[in-house]
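Participant: In my numbering, the protein residues as written are 1096 to 1565. Just passing along the structure, written as structure tokens.
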């Protein structure tokens, strides 16, 4: 049976121990209380089943008596004899039953299941020593094994009492499987929750420690924290950017948000990148057109042989611009259609050269995502503006010659239809308020000279063809 330490401090219990030792029997009954907080329990406050133990060693201290006891057998109270100075009763000793032959295999299977669950519980529980796992191999007798496991697993007193009162070995092992299975599940969940919390705390502590180290290094190098200087520079650039009212409102909102964000936060980088993109766009910057018709025709003739019809159309546009000075001029959307290698794309560069404008080119071949035109929303990780806004940013002016190459090779899939997005870009009645999803503010494309190229016209959507001069 189990050997365990036992401490007592009540005067009635200490007198019982003294009388037992004086009579040389050294055998007492150990019974659990129904309510542990009861100071002086009566027979009604204790269970009827208990365990007879032999006092092996005894040591008195100033706080009470400490003993090492060894369990002998189960018993049941059959008659109450006295209530004072300590409880005394006549008991019936309950012998450990034999293993029925027809239940031997089932009991062995249950014993192995209990052993496996017990090993898992010991491995998961922070307060159980690993040496307890040797119990599963050192004790083979199933009844004794069940009692040892029940004694060492943290369970409620009522549950341990239930195990003590179950006499058949098979039912005792089944109940242990139930209790141990629940305990293992609770321990696994507890450990998982603690690991997640610990990992989150460790990451936060690590980030804080690294930020403090960075600040200390910057102070040592005399660098200081330039966050305030960056914010002040952003403020000046926003005020001088010449943005539209809607764009200025959005930039101010993001600037106010940037001031409140910790520089170590990922959101700080997102907000800063957005402001840098907004400030890099040419809201007011544009290059003056060279309206010298002779010069323009000379540039076109020098760089391309033939193509008189196209050259005349370009010169006609310059003539209209030169005459009409009292308002905006509708920019034509030219589409150069022809086989590969005839100079469609290079002709767009010549137009830019003749006008004195910047030149931008993007290839539309194989493009299937609408976000390539309209940009990605800032809620997505790694979002960026569309190709139109990025091209204007590279050009540095709001009136470049913008070549949309291979417009006949646009694709369509579940991510959207880029051709439909181009309808707004190439419509002079709408593109003065083009809204990129990333910028999230209107941008005026009416001053951009769009030129498209195509090898075939039958693959271009009809609505898109109507917006172009082919």
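Built from N, CA and C at the ideal position, the CB exists for glycine as well. Note that the coordinates shown come from a computational prediction; the quantities given were computed from them, not determined experimentally.
For a test of the three-state rule: what should DSSP assign to residue 1337, helix, strand or coil?
Facilitator: Residue 1337 sits at position 242 when you count from the first residue of the chain shown. Note: residue 1337 maps to coil in three-state DSSP.
Participant: Rounded C-beta distance between residue 1141 and residue 1127? I'm assuming under 8 Å.
Facilitator: Residue numbering aside, residue 1141 sits at position 46 when the chain shown is read from its first letter. Residue numbering aside, residue 1127 sits at position 32 when the chain shown is read from its first letter. Contact flag correct, Cβ pair sits at about 7 Å.
Participant: Would you grab the beta carbon distance between residue 1346 and residue 1373 for me? Rounded to a whole angstrom, and I think it's under 8 Å.
Facilitator: Position 251 of the chain shown, counted from the first residue, corresponds to residue 1346. Position 278 of the chain shown, counted from the first residue, corresponds to residue 1373. That belief holds up - the Cβ atoms of residue 1346 and residue 1373 are roughly 5 Å apart, short of 8 Å.
Participant: Helix, strand or coil for residue 1298? Go by DSSP, reduced to three states.
Facilitator: Residue numbering aside, residue 1298 sits at position 203 when the chain shown is read from its first letter. Helix.
Participant: Pick out whichever of 1108, 1429 and 1469 has its Cα sitting closest to the Cα of residue 1496.
Facilitator: The residue labelled residue 1496 in the question sits at position 401 within the chain shown. Of 1108, 1429 and 1469, the residue nearest in Cα terms is 1429.
Participant: What are the boundary residues of the alpha helix (DSSP H) that includes residue 1415?
Facilitator: Residue numbering aside, residue 1415 sits at position 320 when the chain shown is read from its first letter. Residues 1403-1418.
Participant: What did DSSP end up calling residue 1426 once you bin it into helix, strand or coil?
Facilitator: As a working note, residue 1426 is residue 331 in the chain shown. Correct three-state label for residue 1426: coil.
Participant: What's the call for residue 1200, buried or exposed, on a 16-neighbour Cβ count within 10 Å?
Facilitator: The residue you call residue 1200 lines up with position 105 of the chain shown. Classification for residue 1200: exposed.
Participant: Look up residue 1359 in the DSSP assignment and say whether it is helix, strand or coil.
Facilitator: Taking the first residue of the chain shown as position 1, residue 1359 is located at position 264. The answer is coil: DSSP assigns residue 1359 none of H, G, I, E or B.
Participant: Taking the alpha helix (DSSP H) that residue 1569 falls in, what are its first and last residues?
Facilitator: Coverage of the chain is limited to positions 1096 through 1565, which leaves residue 1569 absent and any answer about it impossible.
Participant: Of all the options 1471, 1475 and 1195, which has the alpha carbon lying nearest to the alpha carbon of residue 1483?
Facilitator: One-based indexing of the chain shown puts residue 1483 at position 388. With distances taken between Cα atoms, residue 1483 lies closest to 1471.
Participant: Over what stretch of residues does the beta strand (DSSP E) that includes residue 1546 continue unbroken?
Facilitator: Here residue 1546 refers to the residue found at position 451 of the chain shown. Unbroken beta strand (DSSP E) run through residue 1546: 1544-1549.
Participant: State the DSSP-derived secondary structure class of residue 1308, mapped to helix, strand or coil.
Facilitator: Position 213 of the chain shown holds residue 1308. Helix, per DSSP.
Participant: Would you tell me roughly how many angstroms separate the C-alpha atoms of residue 1209 and residue 1283, rounded to the nearest one?
Facilitator: By 1-based counting over the chain shown, the position of residue 1209 is 114. By 1-based counting over the chain shown, the position of residue 1283 is 188. Cα to Cα, the separation comes out at about 17 Å.
Participant: Given residue 1444, which residues of its chain have a CB within under 6 Å of its CB, disregarding the five upstream and five downstream residues?
Facilitator: Here residue 1444 refers to the residue found at position 349 of the chain shown. Within the same chain, residue 1444 has close Cβ partners 1454.
Participant: Expressed to the nearest angstrom, what Euclidean distance is found between the alpha-carbon atoms of residue 1350 and residue 1275?
Facilitator: Position 255 of the chain shown holds residue 1350. Position 180 of the chain shown holds residue 1275. Approximately 58 Å, taken between the alpha carbons.
Participant: Rounded to whole angstroms, what is the Cα-Cα separation between residue 1144 and residue 1170?
Facilitator: Locating residue 1144 in the chain shown gives position 49, where the first residue counts as 1. Locating residue 1170 in the chain shown gives position 75, where the first residue counts as 1. Using only the alpha carbons, I get a separation of about 6 Å.
Participant: Could you check the C-alpha separation between residue 1254 and residue 1116 for me, to the nearest Å?
Facilitator: By 1-based counting over the chain shown, the position of residue 1254 is 159. By 1-based counting over the chain shown, the position of residue 1116 is 21. Distance from the CA of residue 1254 to the CA of residue 1116, rounded to the nearest whole angstrom, comes to 32 Å.
Participant: Buried or exposed: residue 1517, going by 16 or more other Cβ atoms within 10 Å of its Cβ?
Facilitator: In the chain shown, the residue the question calls residue 1517 occupies position 422. Buried: at least 16 other Cβ atoms inside 10 Å.
Participant: Pick from 1378, 1219 and 1150: whose alpha carbon is nearest that of residue 1277?
Facilitator: For the purposes of this step, residue 1277 is taken as the residue at position 182 of the chain shown. Closest option to residue 1277, Cα to Cα, is 1219.
Participant: For residue 1101, which residues of its own chain have a beta-carbon under 8 Å away from its beta-carbon, when the five flanking residues on both sides are left out?
Facilitator: Along the chain shown, read from residue 1 onward, the residue named residue 1101 stands at position 6. Only 1125, 1148, 1161, 1162, 1163 and 1164 meet the Cβ criterion.
Participant: Where does residue 1250 fall in DSSP's three states?
Facilitator: Within the chain shown, the letter at position 155 stands for residue 1250. Correct three-state label for residue 1250: coil.
Participant: Residue 1165 lies in the beta strand (DSSP E); which residues open and close that run?
Facilitator: As a working note, residue 1165 is residue 70 in the chain shown. Start and end: 1159-1177.
Participant: At 4 residues or longer, and completely inside the segment 1195-1256: list those alpha helix (DSSP H) runs for me, N to C.
Facilitator: 1199-1219, 1230-1233 and 1237-1247
Participant: Enumerate in chain order the residues of its own chain whose CB-to-CB distance from residue 1551 is below 6 Å, with the five nearest sequence positions on each side excluded.
Facilitator: Sequence index remark: in the chain shown, residue 1551 carries index 456 (1-based). Excluding sequence neighbours, residue 1551 sits near 1503.
Participant: With distances taken between CB atoms, is the gap from residue 1413 to residue 1391 smaller than 8 Å?
Facilitator: Position 318 of the chain shown, counting from 1, holds the residue named residue 1413. Position 296 of the chain shown, counting from 1, holds the residue named residue 1391. In terms of Cβ geometry, residue 1413 and residue 1391 form a close pair [threshold 8 Å].
Participant: Which runs of the beta strand (DSSP E), 3 residues or longer, sit entirely within the segment 1435-1460?
Facilitator: Fully enclosed beta strand (DSSP E) runs of 3 or longer: 1454-1458.
Participant: Using a Cβ-based criterion (distance less than 7 Å to any ligand heavy atom), does residue 1249 qualify as near the ligand COA?
Facilitator: No copy of the ligand COA occurs in the structure displayed, which carries no ligand at all.
Participant: Considering only residues of the same chain and omitting the five flanking positions on each side of residue 1458, which have a CB-CB separation below 7 Å?
Facilitator: Translated into the one-based positions of the chain shown, residue 1458 becomes position 363. Only 1500 and 1501 meet the Cβ criterion.
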